[in-house]
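What follows is one structure encoded as structure tokens, with my remarks underneath.
In full-length UniProt numbering, the protein residues as written are 1 to 107.
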């Protein structure tokens with residue numbers, strides 16, 4: 001597997017207000033930046049002309065040293081993506097890596 005792409009992983013602190021706990025993305029910080037292998041997974045388009053959106057899903061394979069979380073966001077090629085689901089670690093053999101699924105919406 002070739003790690004020819006570069007992506008940045010951001011993590012936001014959890015803040016408590018009067019009603020709920022949420023992530024404060026205005027105070028997010030980059031926790032990892034490095035090489036990855038990013039590959040297309042699926043693209044969805046909303047067929048409703050009043051709601052012109054497209055969802056893109058990517059698979060990103062990272063070095064085993066990366067420690068992404070399901071609540072993180074990823075910046076890749078100038079676009080923001082959510083980490084969808086739990087990261088999958090593969091710690092066996094020569095091709096050790098972490099796989100994350102990314103989800104982004106374009107309006």
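Backbone N, C-alpha and C define an ideal beta-carbon position, used for all residues, glycine too.
Under DSSP, the beta strand (DSSP E) around residue i begins and ends at which residues?
{"i": "residue 85", "result": "Per DSSP, residue 85 belongs to no beta strand (DSSP E) and is neither H nor E."}
{"i": "residue 65", "result": "Note, residue 65: premise wrong, no beta strand (DSSP E); not H, not E."}
{"i": "residue 73", "result": "73-76"}
{"i": "residue 95", "result": "Per DSSP, residue 95 belongs to no beta strand (DSSP E) and is neither H nor E."}
{"i": "residue 21", "result": "21-23"}
{"i": "residue 27", "result": "Neither: residue 27 is in no beta strand (DSSP E) and is coded neither H nor E."}
{"i": "residue 11", "result": "5-11"}
Taking the alpha-carbon of residue i as reference, which of the options has the nearest alpha-carbon?
{"i": "residue 103", "options": "95, 96, 94 and 83", "result": "83"}
{"i": "residue 63", "options": "20, 105 and 92", "result": "92"}
{"i": "residue 35", "options": "9, 88, 85 and 79", "result": "9"}
{"i": "residue 25", "options": "75, 2 and 58", "result": "75"}
{"i": "residue 79", "options": "61, 57 and 1", "result": "57"}
{"i": "residue 5", "options": "14, 28, 77 and 21", "result": "77"}
{"i": "residue 2", "options": "17, 81 and 61", "result": "61"}
Check the C-beta distance from residue i over to residue j and give it rounded, since I have them as a contact under 8 Å.
{"i": "residue 38", "j": "residue 7", "result": "7 Å"}
{"i": "residue 55", "j": "residue 105", "result": "5 Å"}
Just to confirm, are residue i and residue j a CB contact at a threshold of 9 Å?
{"i": "residue 127", "j": "residue 23", "result": "Absent from the model: residue 127. The displayed extent of the chain is 1 to 107, so no value can be given."}
{"i": "residue 32", "j": "residue 66", "result": "yes"}
{"i": "residue 59", "j": "residue 40", "result": "yes"}
{"i": "residue 96", "j": "residue 85", "result": "no"}
Taking the beta carbon of residue i as the centre, do at least 16 other beta carbons fall within 10 Å, making it buried, or is it exposed?
{"i": "residue 73", "result": "buried"}
{"i": "residue 19", "result": "exposed"}
{"i": "residue 122", "result": "As displayed, the chain neither begins before 1 nor continues past 107, which places residue 122 out of reach and without an answer."}
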